[in-house]
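Enquirer:
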């Protein structure tokens, strides 16, 4: 089957997807995969017949010589094999996928949030059952804790008076009570991962999100390495539909109000392809026992790159 025709079929079906509800806060805006230029001309595409594209996405916003930010996603591992172990499911097919996301902002701009979704689907016409069995990060992680003191005054003031007659002195009586309130609020940079289920309870999607520390307003982490463990029903080809959405600061949003960018092409996986492994030295993955993979050692995030022992990583 021609891969180009599969792209068309998959994206036509994706056009019916409901848009996410907008924020009710009039000061909050979000911009989806934005790029200054004609719509449809900037997205990460598959080469003719390309399988297992390593560069999932790479886009920026702003003029070419003065970008406001740049976002990229590249594969670090695409390994297909068996679930393994001693259970009845030991012979089930499985895949381990590891991706590194990078978020860079320039010239005093920042990214406040990022929303990432990888949806897995069988090739049209096939019945390959796909299930996202494990991810990292999983659940909510709060990092880079900060504390902020807040002061406020609350009170009540009551005044009683009488309208004076001509030549009389105005009289009034007042009662007031004021209380000073001081509290310490705690804020974090938040990294979240979950596996949303569809209406039938099936989990075909990996979802990750990042949000900045709202008190510091210093942006989201510059790097996130996430991993996905899939269980597959067959050895047939399958596809991943990537979706990356970022929310910039207000100035960046206004500056690129009329820019747009099409979604990236799906990634076509063929389990018979050789393993793609660019994991850190010393990390070994057993393709025959993927279910036993230590996902905790594969994921991580960093606020910025360490240099001469200075920096912050998580």
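Residue numbers (our numbering): 119 to 432. Just so it is clear, CB atoms sit at the ideal spot from N, CA and C, and this is done for glycine as well.
(1) Just to confirm, are residue 199 and residue 186 a CB contact at a threshold of 8 Å?
(2) Quick one: grab the DSSP three-state call for residue 397.
(3) Considering only the alpha carbon of each residue, which of 257, 415, 410 lies closest to residue 204?
(4) Less than 6 Å between C-beta atoms, sequence neighbours within five positions excluded: which residues of the same chain meet that for residue 188?
(5) Can you tell me the Cα-Cα spacing of residue 220 and residue 298, whole angstroms?
(6) Is the segment 304 to 315 close to the segment 389 to 402, with three or more CB pairs under 8 Å?
(7) State the DSSP-derived secondary structure class of residue 220, mapped to helix, strand or coil.
(8) Measuring only the C-alpha atoms, how far is residue 353 from residue 230?
(9) Check whether the segment 257 to 265 and the segment 236 to 243 touch, using three or more Cβ-Cβ pairs below 8 Å as the test.
(10) Can you tell which of 323, 311, 325, 265 has its C-alpha closest to the C-alpha of residue 300?
(11) Determine the direct distance from the alpha carbon of residue 328 to that of residue 392, and round the result to whole angstroms.
(12) Any idea if residue 159 is buried or exposed, counting beta-carbon neighbours within 10 angstroms, 16 or more meaning buried?
(13) Determine, for residue 364, whether the minimum Cβ-Cβ distance to residues of chain C falls below 8 Å.
(14) Only counting the same chain, and skipping five residues up and downstream in sequence, which positions put a Cβ closer than 8 Å to that of residue 428?
(15) Taking just the CA atoms, how far does residue 226 sit from residue 421?
(16) Any idea what DSSP makes of residue 410, helix, strand or coil?
(17) Please classify residue 244: does DSSP put it in a helix, a strand, or coil?
(18) State buried or exposed for residue 302, treating a residue as buried only when at least 16 other CB atoms are found within 10 Å of its CB.
(19) Check each candidate in 386, 341, 344, 338 and name the one with the smallest Cα separation from residue 359.
(20) Return the Cβ separation of residue 210 and residue 349 in integer angstroms, given the expectation that the two are a contact with Cβ distance under 8 Å.
(21) Classify residue 406 as buried or exposed, calling it buried when 16 or more other Cβ atoms lie within 10 Å of its own Cβ.
(22) Spatial neighbours of residue 311 within its chain, please: C-beta separation below 6 Å, excluding the five flanking residues on both sides.
(23) Can you tell me which of the three DSSP states residue 415 falls into?
(24) Can the beta-carbon of residue 216 be found less than 8 Å from the beta-carbon of residue 416?
(25) Is it buried or exposed, residue 317, if we count other Cβ atoms within 10 angstroms and call 16 or more buried?
(26) To the nearest whole angstrom, what separates the beta carbons of residue 324 and residue 346, a pair I think is in contact under 8 Å?
(27) Give the straight-line distance between the Cα atoms of residue 383 and residue 362, rounded to the nearest whole angstrom.
(28) Which same chain residues end up closer than 7 Å to residue 246 when comparing Cβ atoms and leaving out the 5 residues on each side of it in sequence?
(29) Residue 201 and residue 408 - do their beta-carbons sit closer together than 8 Å?
(30) When you compare only the Cα positions, how much space is there between residue 236 and residue 333?
(31) Could you compute how far the alpha carbon of residue 136 sits from the alpha carbon of residue 233?
(32) What does the Cβ neighbour count give for residue 194, buried or exposed, with the cut at 16 atoms within 10 Å?
Expert: On the basis of the data shown:
(1) For the purposes of this step, residue 199 is taken as residue 81 along the chain shown, with counting starting at 1. For the purposes of this step, residue 186 is taken as residue 68 along the chain shown, with counting starting at 1. Their beta carbons are not under 8 Å apart, which means residue 199 does not touch residue 186 by this criterion.
(2) As a position in the chain shown, residue 397 is number 279, starting the count at 1. Under the three-state reduction of DSSP, residue 397 is assigned to coil, being neither helix nor strand.
(3) For the purposes of this step, residue 204 is identified with residue 86 of the chain shown, where counting begins at 1. The shortest C-alpha separation from residue 204 is found at 410.
(4) Locating residue 188 in the chain shown gives position 70, counting from the first residue. Within the same chain, residue 188 has close Cβ partners 178, 222.
(5) Taking the first residue of the chain shown as position 1, residue 220 is located at position 102. Taking the first residue of the chain shown as position 1, residue 298 is located at position 180. Those two C-alpha atoms are separated by around 44 Å.
(6) No: the two stretches stay apart, fewer than three of their Cβ pairs being nearer than 8 Å.
(7) The residue labelled residue 220 in the question sits at position 102 within the chain shown. Reduced to three states, the DSSP call for residue 220 is strand.
(8) Residue mapping note: residue 353 aligns to position 235 of the chain shown, counting from 1. Residue mapping note: residue 230 aligns to position 112 of the chain shown, counting from 1. Approximately 40 Å between the Cα atoms of the pair.
(9) The segment 257 to 265 is not in contact with the segment 236 to 243.
(10) Locating residue 300 in the chain shown gives position 182, counting from the first residue. Checked all of 323, 311, 325, 265; the closest Cα to residue 300 is 265.
(11) As a working note, residue 392 is residue 274 in the chain shown. As a working note, residue 328 is residue 210 in the chain shown. Straight-line spacing of the CA atoms in residue 392 and residue 328 works out to 32 Å.
(12) Walking along the chain shown from the start, residue 159 turns up at place 41. Low per-residue confidence applies at residue 159: pLDDT is 39, beneath 50, and the placement is therefore not dependable, though the value from the model is reported in the following sentence. Exposed, because fewer than 16 other Cβ atoms sit within 10 Å of the Cβ of residue 159.
(13) Absent from the structure: chain C. Only one protein chain is present.
(14) On the chain shown, position 310 is the one that residue 428 refers to. Confidence in residue 428 is poor, its pLDDT being 47 and thus under 50, which makes the residue's placement unreliable; the coordinate value appears in the next sentence. Around residue 428: no qualifying Cβ.
(15) Translated into the one-based positions of the chain shown, residue 421 becomes position 303. Translated into the one-based positions of the chain shown, residue 226 becomes position 108. The alpha-carbon of residue 421 is positioned some 16 Å away from that of residue 226.
(16) One-based indexing of the chain shown puts residue 410 at position 292. Residue 410 falls in the helix class under three-state DSSP.
(17) Taking the chain shown and counting its residues from 1, the one referred to as residue 244 is at position 126. Looking at residue 244 - three-state DSSP - the assignment turns out to be coil, as it is neither helix nor strand.
(18) Position 184 of the chain shown holds residue 302. Around the Cβ of residue 302, a 10 Å sphere holds fewer than 16 other Cβ atoms; the residue is exposed.
(19) For the purposes of this step, residue 359 is taken as residue 241 along the chain shown, with counting starting at 1. Here the closest residue by C-alpha is 386.
(20) Within the chain shown, residue 210 is the residue found at index 92, counting from 1. Within the chain shown, residue 349 is the residue found at index 231, counting from 1. Between residue 210 and residue 349, the beta carbon gap of about 6 Å places them in contact (Cβ cut-off 8 Å).
(21) Numbered from its first residue, the chain shown carries residue 406 at position 288. By the 10 Å Cβ count, residue 406 comes out exposed.
(22) Here residue 311 refers to the residue found at position 193 of the chain shown. Cβ neighbours of residue 311 beyond the five flanking positions: 253, 255, 256, 326.
(23) Here the question's residue 415 lines up with position 297 in the chain shown. Residue 415 falls in the helix class under three-state DSSP.
(24) Along the chain shown, one-based indexing puts residue 216 at 98. Along the chain shown, one-based indexing puts residue 416 at 298. Their beta carbons are under 8 Å apart, which means residue 216 touches residue 416 by this criterion.
(25) For the purposes of this step, residue 317 is taken as residue 199 along the chain shown, with counting starting at 1. When all chains shown are included, residue 317 counts as exposed.
(26) Within the chain shown, residue 324 is the residue found at index 206, counting from 1. Within the chain shown, residue 346 is the residue found at index 228, counting from 1. Contact flag correct, Cβ pair sits at about 5 Å.
(27) Indexing the chain shown from 1 puts residue 383 at position 265. Indexing the chain shown from 1 puts residue 362 at position 244. In this structure, the straight-line span from the alpha carbon of residue 383 to that of residue 362 is close to 12 Å.
(28) Position 128 of the chain shown, counted from the first residue, corresponds to residue 246. Contacts found: 240, 350, 351, 352, 354, 356.
(29) Within the chain shown, the letter at position 290 stands for residue 408. Within the chain shown, the letter at position 83 stands for residue 201. Cβ distance < 8 Å, so residue 408 and residue 201 count as in contact.
(30) As a first step, residue 236 must be located in the chain shown, where it is residue number 118. As a first step, residue 333 must be located in the chain shown, where it is residue number 215. Cα to Cα, residue 236 sits roughly 30 Å from residue 333.
(31) Working through the chain shown from its first residue, we reach residue 136 at position 18. Working through the chain shown from its first residue, we reach residue 233 at position 115. Annotation note: pLDDT 37 at residue 136 (below 50); position unreliable, coordinate value reported separately. One Cα belongs to residue 136, the other to residue 233, and the distance between them is close to 16 Å.
(32) Taking the chain shown and counting its residues from 1, the one referred to as residue 194 is at position 76. That one is buried.
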